[in-house]
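Take 218 as the starting number for the sequence shown in the working numbering and just add one per residue.
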Amino acid sequence: MTEAKPTARRDDVTLPPAEPLMLREAREAPEVVARQAADADVARVARQIADFGPSFVVTLARGSSDHAATTLRYGLETHLRLPVVSAAPSVAGVYHADVSYRGALVLAISQSGGSPDLVETLAQARRGGALTCALVNTPGSPLAHAADLVLPLHAGEERAVAATKSYLAALTLGARLLHAWRPDDHLGAALDALPGALRAVLAQEDRARQAALRLTGDQPTLVLGRGLHSGVAAEAALKLQETAGVAALAFSTAEFAHGPARLAEPGTPALFFQGRDATAPFTAASLETLRGYGAKVTLIGDSAAGQAADLPTQPTGHPLTDPAVSALAAQLLIAHAAVARGENPDAPPRLAKVTRTV
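Here's what the structure looks like:
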């Protein structure tokens, strides 16, 4: 493998530290999951939601939290068979339009809980007849105060601009809430196995460091996944954009053939998530097609015909918990890619830890 040269450092970028916070915080993922497992409030909240009996679910989030909500949507619809829609915060925050949420469960996900448009939308949904629940890392935040029910992410303080452990906490807390809402032995066992699977990813960080050298050039990078991994792909693309300054484009493999495949020129770098769920044969076929275009694919997850995984992940035993393991592998890869490009992933230019949209 030819090592790509780091791009020239811009004047507004501070030099990366020897050990970025982004990496240190990502490595806390197993402890975050353990803290969530000890929280008895998850069962209590799940009972209150079940007693309410929502006819549909609305997710409310932005950025990394919205990508976690995308994965949670697949979980809600496959595990509970409840339809899920994503709220547009500008409807309440900018257009000041009242929407009827009668009979809905509105799940808001946020690291800070401080964005005014999310707070206003959740408050409006509550007035409109919804049961509202906030999954938030700051229990005393305005978003938490606006909700009927609150579940802490238990990620602890997160200082790097990029959301790592808080994003993973949203993924895993969502799976834990689904299990408490509708218990499933296989999901329960997978949640128990999750810390070990996350530690197995951390044990192969050297592989992530080496694979990251493929993502240090200036070419646009394709990021692909499907189903439960589509949100993980979107989050990985965001992380490449904000921490490494890479023009990354995320697509579902199901949508990629509907036009975006034109972007896959020979030599195009691609980050690909191969899951172990019902999407596996379809994504494996998409991977083969992508490689046929000449793309240089870095594979996370399971191996596929013709390509071993560059960052293999340990199966957790359930489709709803596997995405967290893939996401952690991607975080390690991207943090090292940022450092290799001479970027500081903890303090990207023009970005702040808390974004307050109105």
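Each residue gets a CB set at the ideal place from its N, CA and C atoms; glycine is no exception. Fair warning: this is a prediction, and the values are worked out from it, not measured in the lab.
> With burial defined as no fewer than 16 other Cβ atoms inside 10 Å of the residue's Cβ, what is the status of G523: buried or exposed?
Replying inline: Taking the first residue of the sequence shown as position 1, residue 523 is located at position 306. By the 10 Å Cβ count, G523 comes out exposed.
> DSSP state of V316, grouped into three classes?
Replying inline: Here residue 316 refers to the residue found at position 99 of the sequence shown. Looking at V316 - three-state DSSP - the assignment turns out to be coil, as it is neither helix nor strand.
>> Whole angstroms are fine: how far does the CA of A325 sit from the CA of G331?
In response: Here the question's residue 331 lines up with position 114 in the sequence shown. Here the question's residue 325 lines up with position 108 in the sequence shown. Those two C-alpha atoms are separated by around 12 Å.
> Helix or strand or just coil, what does DSSP make of P498?
Replying inline: Within the sequence shown, numbered from 1, the residue matching residue 498 stands at position 281. DSSP places P498 in the helix class (H, G or I) of the three-state scheme.
>> Less than 6 Å between C-beta atoms, sequence neighbours within five positions excluded: which residues of the same chain meet that for A512?
In response: Working through the sequence shown from its first residue, we reach residue 512 at position 295. The answer, listed in chain order, is A481, T485, A487.
>> Considering just the uninterrupted stretch of the alpha helix (DSSP H) at V440, what are its terminal residues?
In response: One-based indexing of the sequence shown puts residue 440 at position 223. Counting along the chain, V440 falls outside any alpha helix (DSSP H), though it belongs to the beta strand (DSSP E) covering 438-442.
> Taking C-alpha atoms, which residue in L277, A547, F468, H446 lies nearest to A380?
Replying inline: Stepping through the sequence shown from its first residue, residue 380 is reached at position 163. Of the candidates L277, A547, F468, H446, the one whose C-alpha sits nearest the C-alpha of A380 is A547.
>> Cutting at 8 Å between CB atoms, please list the residues of its own chain near A225, excluding the five before and the five after it.
In response: The residue you call residue 225 lines up with position 8 of the sequence shown. With a pLDDT of 40 at A225, under the threshold of 50, the modelled position of this residue cannot be trusted, and the question is left open.
> Going by C-alpha distance, which of T506, L507, T433 is nearest I551?
Replying inline: Taking the first residue of the sequence shown as 1, we reach residue 551 at position 334. Nearest option by C-alpha distance: T433.
> Who are L516's beta bridge partners in DSSP?
Replying inline: The residue given as residue 516 occupies position 299 in the sequence shown. As a beta-bridge residue in DSSP terms, L516 pairs with F489.
> Can you find at least 3 beta carbon pairs, one from the segment 301-314 and one from the segment 453-472, that sit closer than 8 Å?
Replying inline: Contact between the segment 301-314 and the segment 453-472 is absent, because fewer than three Cβ pairs lie under 8 Å.
> So who's on the other strand from I326, going by DSSP bridges?
Replying inline: As a first step, residue 326 must be located in the sequence shown, where it is residue number 109. Looking at the DSSP assignment, I326 forms a beta bridge with L352.
> Tell me the DSSP bridge mates of P529?
Replying inline: Here the question's residue 529 lines up with position 312 in the sequence shown. G518, per the DSSP bridge assignment.
>> Among F499, S327, F273, L549, whose alpha-carbon lies nearest the alpha-carbon of D283?
In response: Position 66 of the sequence shown, counted from the start, is the residue given in the question as residue 283. Among F499, S327, F273, L549, the Cα nearest to that of D283 belongs to S327.
> How long is the line joining the alpha carbons of P223 and A555, rounded to whole angstroms?
Replying inline: In the sequence shown, the residue the question calls residue 223 occupies position 6. In the sequence shown, the residue the question calls residue 555 occupies position 338. With a pLDDT of 41 at P223, under the threshold of 50, the modelled position of this residue cannot be trusted, and the question is left open.
>> Helix, strand or coil, according to DSSP, for S303 in the structure here?
In response: Taking the first residue of the sequence shown as position 1, residue 303 is located at position 86. It is a strand residue.
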